[in-house]
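Student: Attaching a single structure in structure tokens format; questions to follow.
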Amino acid sequence: MGNGLCSGNNSSSDHESSIRSPDASAPQPGRPDRDSQAGTAPAVPSVESRNPPAPARQADQPAQAQEEAGGGPGASTSTGAAPAATAAAASASPSVLHQEESRRPLMASTAAHKKAAEELKAAGNVLFGKGKYAAAIEKYTEAITLCPDLAVLFVNRGMAARKRGDWARVEADAASALGQGPGERDAMKAHYLMGLALGARGAHEGSMKHLRKALDAAREANDSIKDEIWRELATANYQHWQSESAARREQHALLRRQLAELLLRTGGTTTPTPAASEAPRGAPEPPLPPDWAELFRAAACQDQPREAPSQFTCPLTMEIFRDPVVTPSGRSYERSALLEHLKKVGRFDPITRQPLCEEQCAPNVSLRAAIEGYLEEHPWAWGE
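Residue numbers (the working numbering): 206 to 589.
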């Protein structure tokens, strides 16, 4: 009896210790259980047989914590799944891609996350410089997973997607960057990317709006990308004019035919006559009255390209001014062309031959405003 009670007390103490520390109740390698060592069967079932799932639930807790901190099981940092994700994203529409980015759970970007994201961004920039755009996109995507609140990561990934012609991804990344209230330079590039993406799918009006914002920001910051933005803006404006001009020509031709048929039915008058009503089909259309023909010619004049005024063209490039500067002699030149002349040819005015340095050149704001007004009234000049 005494042995039985002692055995019962030992089992009870074992149960309590196993509840406090589940790992202590498990058999250890090289160390047998107390029950097998005593040679008698335990009177009470062990804690392991009662609650076997307890260690498993505790083992699952680190994985669950990692899932909650890392954005779920799908937020893997392995680069093996990135090509499949990139291929799936390429087939999605811009709105779907942007919604996926917005639904992604945001993590609190710690200092370690930001440091790792900066390293991934630097690695992506190196790959971008080598022309490995798909690999660069993977690096930027991993960085975005760590720090989804950095607009520059979306801008860089959009730049890489632009090189691959993935305009859906470009538009989605530009929208994500703009939605985060980025800094001035990142906002400029995001507007630039959005303008390119919208222009690629024929949304010329939206493209012009974003490219105009990007150009204004680039001019204010005196960024070297402003010339590239201006060229893209000129292309978007010219394409928009081409589509509208073609539509206007079709409308004019339709209206002219309708007026000619009306004159044919009425015998050249505004009231129908029996003889005109019985006119055979295929009869030649009567010419329009002179005032009507003049009206059609005036309407078509705005869509007829002409040579731009000489005061709006740079004497060095023979193109319409984009960023004119005025020199002490009173002559204006395109900034980039004049700076190249001063650097490669000599520090003097190209026409007057007077000594000239870069500090003496000032933006010709009045001329630029006059040119913008001229382009607004004559959009065909964007193609010059």
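Beta carbons are placed, not taken as given, at the ideal position from N, Cα and C, and that holds for glycine.
Any idea which residues DSSP pairs Ile576 with across the strands?
Tutor: Paired residues: none, contrary to the question.
Student: Thinking just about the alpha-carbon of each residue, which of Pro533, Gln516, Pro494 and Ser541 is nearest to the one in Leu464?
Tutor: Checked all of Pro533, Gln516, Pro494 and Ser541; the closest Cα to Leu464 is Pro494.
Student: Between the C-alpha atoms of Ala426 and Gln456, what's the straight-line distance to the nearest angstrom?
Tutor: Straight-line Cα distance between these residues: approximately 44 Å.
Student: Give the range of the beta strand (DSSP E) segment to which Glu499 is assigned.
Tutor: From DSSP, Glu499 is part of no beta strand (DSSP E) but of the alpha helix (DSSP H) over Pro495 to Cys506.
Student: Give the DSSP-derived three-state secondary structure of Thr245 in the structure shown.
Tutor: Residue confidence is low: Thr245 scores 39 on pLDDT, short of 50, so the model does not pin down where it sits. No coordinate-derived value is stated.
Student: Return yes when at least one heavy atom of the ligand SAM lies under 7 Å from the C-beta of Leu543, else no.
Tutor: The model on display carries no ligand, and the ligand SAM is accordingly not part of it.
Student: Cutting at 6 Å between CB atoms, please list the residues of its own chain near Phe176, excluding the five before and the five after it.
Tutor: Examination of residue 176 is not possible in this model, given that the chain is present from 206 through 589 alone.
Student: Given 8 Å as the limit, is there contact between the region 398–415 and the region 431–444, that is, 3 or more CB pairs closer than that?
Tutor: As far as the Cβ criterion goes, the region 398–415 touches the region 431–444, which means the pair count is three or higher.
Student: Val530 bridges to which residues according to DSSP?
Tutor: For Val530, which the question treats as bridged, DSSP gives the partners Tyr538 and Pro568.
Student: Rounded to a whole number of angstroms, what is the C-alpha to C-alpha distance between Leu572 and Leu420?
Tutor: Rounded to the nearest angstrom, the two C-alpha atoms are 17 Å apart.
Student: Please report the straight-line C-alpha distance between Leu416 and Tyr397, rounded to a whole angstrom.
Tutor: Rounded to the nearest angstrom, the two C-alpha atoms are 5 Å apart.
Student: Using three-state DSSP, classify Thr350 as helix, strand or coil.
Tutor: Reduced to three states, the DSSP call for Thr350 is helix.
Student: My output table needs one value for Pro387: the three-state DSSP class, helix, strand or coil.
Tutor: Here Pro387 sits in coil by DSSP.
Student: Tell me Pro560's beta-bridge partners as DSSP assigns them.
Tutor: Bridge partners of Pro560: Phe553.
Student: Would you list the residues sitting across from Ile525 in a DSSP beta bridge?
Tutor: Bridge partners of Ile525: Thr518.
Student: If I follow the unbroken alpha helix (DSSP H) through Ala321, where does it start and stop?
Tutor: From DSSP, the alpha helix (DSSP H) with Ala321 extends over Ala316 to Gly334.
Student: Taking the alpha helix (DSSP H) that Ile434 belongs to, which residues open and close that run?
Tutor: Unbroken alpha helix (DSSP H) run through Ile434: Lys431 to Thr471.
Student: Checking 8 Å against the spacing of the C-beta atoms, do Ala348 and Lys326 come in under that value?
Tutor: Cβ atoms of Ala348 and Lys326: closer than 8 Å.
Student: Pairs of beta-carbons, one from the region 496–510 and one from the region 543–559, closer than 8 Å: are there three or more?
Tutor: No, they do not touch.
Student: With a threshold of 8 Å between beta-carbons, can Glu324 be considered close to chain B, or not?
Tutor: Within the model displayed, chain B is absent; a lone protein chain is all it includes.
Student: I'd like the span of the alpha helix (DSSP H) that includes Leu416, first residue to last.
Tutor: His409 to Ala426 is the extent of the alpha helix (DSSP H) around Leu416.
Student: Can you tell me which of the three DSSP states Asp378 falls into?
Tutor: Looking at Asp378 - three-state DSSP - the assignment turns out to be helix.
Student: With DSSP as the reference, label Leu403 as helix, strand or coil.
Tutor: Three-state result, Leu403: helix.
Student: Roughly how many whole angstroms lie between the Cα atoms of Ala365 and Arg461?
Tutor: One C-alpha to the other measures close to 50 Å.
Student: If you drop the 5 nearest sequence neighbours on each side, which residues of the same chain put their C-beta closer than 8 Å to that of Trp497?
Tutor: If we look at Trp497 and ignore the five residues flanking it on each side, its Cβ neighbours are Leu464.
Student: How big is the Cα-Cα spacing for His583 and Trp446?
Tutor: When rounded, the distance between both Cα atoms is 9 Å.
Student: If you follow the alpha helix (DSSP H) that Leu358 is part of, which residue opens it and which one closes it?
Tutor: Residues Ala356 to Lys368.
Student: Tell whether a beta-carbon distance below 8 Å holds between Val530 and Ala567.
Tutor: In this structure, Ala567 lies closer than 8 Å to Val530 by Cβ.
Student: Judging by CA-CA distance, which residue of His318, Glu449 and Asn330 is the nearest neighbour of Ala408?
Tutor: When only C-alpha atoms are compared, the closest one is Glu449.
Student: Decide if Gly621 is buried, meaning its Cβ has at least 16 other Cβ atoms within 10 Å, or exposed.
Tutor: Not covered by the structure: residue 621. The range shown for the chain is 206 to 589.
Student: By the 10 Å Cβ neighbour count, where 16 or more other Cβ atoms means buried, how is Met413 classified, buried or exposed?
Tutor: So Met413 counts as buried.
Student: Alpha carbon to alpha carbon, what distance is there between Leu543 and Leu521?
Tutor: Looking at the two C-alpha atoms, the distance is approximately 8 Å.
Student: Using 8 Å as the threshold, is the C-beta distance between Phe526 and Glu539 below it?
Tutor: A contact, by the Cβ cut-off of 8 Å.
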